[in-house]
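Accompanying notes for the structure given below.
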Amino acid sequence: MLFEDPSPLLVGLNPEQAAAVTLPAEHALILAGAGSGKTRVLTTRIAWLLQSGQVSPGGIMAVTFTNKAAKEMMTRLTAMLPVNVRGMWIGTFHGLCNRFLRAHHQAAGLPATFQILDTQDQLSAIKRLCKQHNVDDERFPPKQLQWFISGCKEDGQRPRDVVVRDDETRRKVEIYQLYEEQCQREGVVDFGELMLRSYEVLRDNDPVRVHYQRRFRHILIDEFQDTNRLQYAWLKMFSAPPLEGLPPSGNAVFAVGDDDQSIYAFRGARVGNMADFVREFQVRHQIKLEQNYRSCSNILNAANELIGHNSRRLGKNLRTDAGAGEPVRVYEAPSDFDEARWVVDEMKQLEREGMARSEMAVLYRSNAQSRVMETALFNAGMPYRVYGGLRFFERAEIKHALAYLRLLENPHDDNSVLRVVNFPPRGIGARSVEQLQDVARASGCSLHDAASGVTGRAGTAIGHFVALLDVMREKTQGMTLKEIIELVLDRSGLVEHFRQEREGEDRVENLEELVNAAESFVMQEGFGRDAVALPVDELGAPLTQSPASQGLDMSQPLVDEPLPAVVPDTGETLSPLAAFLTHAALESGDNQAQAGQDAVQLMTVHAAKGLEFHAVFITGLEEGLFPHENAMSDRDGLEEERRLMYVAITRARQRLYLAHAQTRLLHGQTRYNLRSRFFDELPEDALKWLTPPQARQGLSAGGWQGGGRGAAGAGAQPAWTPGWLAAADRAPAPKAPEPDRGVDLRAGQKVFHNKFGEGKVLAIEGAGPDARAQVSFNRHGVKWLALSVAKLTPVDA
DNA sequence: ATTCAGGCAGTTTTT
DNA sequence: CTGCCTGAAT
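Going left to right, the first sequence walks through residues 19 to 815 as this note's numbering numbers them.
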């Protein structure tokens, strides 16, 4: 033990956890396996640093990806220590960037009241821009431009930094440039901009950077494997690595992550940041947390064996003291319909055994799969809850209300003007709006100013609208947040509008809920830690006398040095309204309806990350679905799918169920799927097959290429066995695929193609002249081929 | 201004 | 088979 009198904080930690918590103030990487007590280590580390007097609350920055994680960290921390969490910077990347930019808005070139665009807002801003500049939306779909712009920002690239090799990119960069100008003009920033702009201020402003580098003695990052390029670069601004040529910052970065749970490469996450961190920061302390406190060993063995099929891992193996537990149950269903029914039956059984419904989860790869499951649960009368979908602040009626509120703060927010200029309808048609946009463009001003200018013709509808906004702004002066929102809901006519709508009751309720949300925001958050520019003394003043440590042992002197004040002492604070709007943009709220009931949980595997359940059902384990066909073009894609499966498996505490279906209705067509190759990567002795071998597919996709499990020769059962078709109440009954040319192809069949060589049929879709086959070629990857065109010759096994 | 038909795409998602 | 969006028709 490190101490004669071990801190009570360390009680109950295993040796690795304790070692991580008590590491010296140097850079460290913690490889934290699933269920290894990662959050506990992070929070205990902070508590330990504070309690041992190594740092005051003001010297700590802890970064997470989700608000939920940040909140949990604060909750756990306050339970451990009577510490004022407000002095610390604990929050999401974006929340902290927002906090930073509010304090440094001038250095960042932003108005104090800048608004935040969420993904929807960003897309509509891009659409608007494209219309205005006559961008061909066939060649440049707005979605794709959004993806491009966000991608550039995630890589830290401004338009001028993008390497242009072709005309298409050149045009995209032009649009990116125009988009930036538009945002700047309107005083709005998107999510990527929050990060990029903060990064640039730190990079280009030496006093500011030095200030924060000296202030934050300890920087802790959760889910480090999910950081993108920009986020890593941003972190480096707070703690220059030794080789960067900048003076050493003398602080310590404590990064926690798990390369095996990296499932967000598709949105820019770079697992490579972990290795880069070790190299660039010359990390000397790496600790692996491999003791798992969650799952029984059958489940854990399955996870370990599966992930062992990935190459390029940092290397980690979970172990548990828990017993073997139940075997992993595997079921092969004739159809997706039967699969769902089986899941429900098993759930009923678990319920009879006394398991709470909320402890059971159904996980799937893609959202489209929830429907069958929902139907089955509904028919069985079993309460369920689907994660995903619109969150509270993303609902249309809420966004309308927020748009009015934003216009009180910032009338130049054209996005918001366009959203509500004619909502509720007030006789401002598309062509009036267009005219207004022309005027605004011609005079280079915002829609609001253009409208105010034209209002010479009093009595026009647009004039009324501008007057309405002005009246609202005037009347709400000095009001509480609650009163402001109530007034806006009333004067805008939103509530009245939805009251008259036939199906508008829910929307009216949501609008009322918005008032409640605002009230509780003011109450518990005191306007929200993230949202409010902190009192200047907190950012700028010397931290030696940080008062936020009541209850701490203050006998040891703190090491913080006095800091030069770099925050402009303007005494600015954000209004409650502005703070609430920020809150709405950065925390879109719950997406779960009816949270109270004890209900079965349905969600994608992605959404399940970080959660755990007594019983987990992973459904749709089929080639093309899981692993998903779009991800299988390269090895990286397949490995990410495998990590996804690893995440799914490690959610389960006691029971794990795996299922796949021979046929599945997808895009309105019946598809015949092979079972997932992942079955072949699980330990046979941890599994219990609930389907007799004769009723199973003989081969799985990966099987013939090597290492396949053995039921070969059992004869692939035709997927269209009449027996179960009669049982399924689905019409019309799927027909056996009858490809042209009379070639007898079925899933699993080895084939030869003149150009692509040898491959294997993954799936067959459609019939007659439209029939297509999905073939995985040994050398050329997975392709869809029209059977009427492609020459496929069956090859005998 | 509202509604309806037709076209089209359809992994994963937090901020 | 959906859900979403657009364009045309009332």
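Glycine residues also receive a C-beta, built at the ideal position from the N, C-alpha and C atoms.
Residue burial is scored here from C-beta neighbours: residue 139 has at least 16 other C-beta atoms within 10 angstroms and is therefore classed as buried. For residue 290, the uninterrupted alpha helix (DSSP H) segment begins and ends at 290-298.
DSSP places residue 109 within a strand segment (E or B) once states are collapsed to three. Apart from sequence neighbours up to five positions away, the residues of its chain that approach residue 230 with a beta-carbon distance below 6 angstroms are 256, ordered along the chain.
About 35 angstroms separates the beta carbons of residue 67 and residue 317, which is beyond the 8 angstroms limit, so they are not a contact pair. For residue 260, the number of other beta carbons within 10 angstroms of its own is below 16, and it is reported as exposed. For residue 657, the closest alpha carbon among the candidates 630, 71, 699 and 137 is that of 699. Under the DSSP definition of a beta bridge, residue 675 partners with 347 and 635. Look at residue 33 here: in three-state DSSP terms it is helix. The C-beta of residue 466 has 16 or more other C-beta atoms within 10 Å across all chains shown, which makes the residue buried. In the displayed model, residue 780 falls within a strand according to three-state DSSP.
Proximity to residue 592 across 268, 650 and 428 peaks at 428, based on C-alpha coordinates.
In the DSSP annotation of this structure, the continuous segment of the alpha helix (DSSP H) that includes residue 210 starts and ends at 209-222.
In this structure the region 651-669 does not touch the region 678-687; the number of beta carbon pairs closer than 8 angstroms is below three. For residue 144, no beta strand (DSSP E) run applies; the uninterrupted alpha helix (DSSP H) run containing it begins and ends at 137-150, by DSSP. Per DSSP, reduced to three states, the secondary structure at residue 681 is strand. Exposure of residue 534 is indicated by the presence of fewer than 16 other C-beta atoms within 10 angstroms of its C-beta. Of the candidates 333, 329, 280 and 184, 333 places its Cα closest to the Cα of residue 304. The C-alpha of residue 640 is placed about 27 angstroms away from the C-alpha of residue 760. Pairing residue 331 with residue 244 gives a Cβ-Cβ distance that is not under 9 angstroms.
In the three-state scheme derived from DSSP, where H, G and I count as helix and E and B as strand, residue 100 is classed as coil. The region 169-181 makes no contact with the region 130-148; the number of CB pairs closer than 8 angstroms stays below 3. With fewer than three CB-CB distances shorter than 8 angstroms, the region 96-114 does not count as touching the region 395-410. Under the criterion of beta carbons closer than 8 angstroms, residue 206 and residue 433 qualify as touching, at roughly 7 angstroms. Distance from residue 49 to residue 238 at the Cβ level is roughly 15 angstroms; contact not present, criterion being Cβ atoms closer than 8 angstroms.
Looking at 779, 327 and 483, the one whose alpha-carbon comes closest to that of residue 425 is 483. Taking every protein chain shown into account, the CB of residue 30 has fewer than 16 other CB atoms within 10 angstroms, so this residue is exposed.
Residue 237 has 79 and 271 as its beta-bridge partners, per DSSP. When DSSP states are grouped into helix, strand and coil, residue 378 belongs to the strand group.
Non-local beta-carbon contacts of residue 28 in its own chain, meaning distances under 6 angstroms to residues more than five positions away in sequence, involve 36 in chain order. In the structure shown, residue 619 falls within a strand segment according to DSSP collapsed to helix, strand and coil. Beta-bridge annotation (DSSP): residue 626 is not paired with any residue. Straight-line spacing of the CA atoms in residue 274 and residue 388 works out to 33 angstroms.
For the set 670, 512 and 537, the Cα lying nearest the Cα of residue 526 is the one of 512.
The beta carbons of residue 507 and residue 419 sit closer together than 9 angstroms.
Here the region 287-296 does not lie against the region 53-73, with fewer than 3 beta-carbon pairs under 8 angstroms apart.
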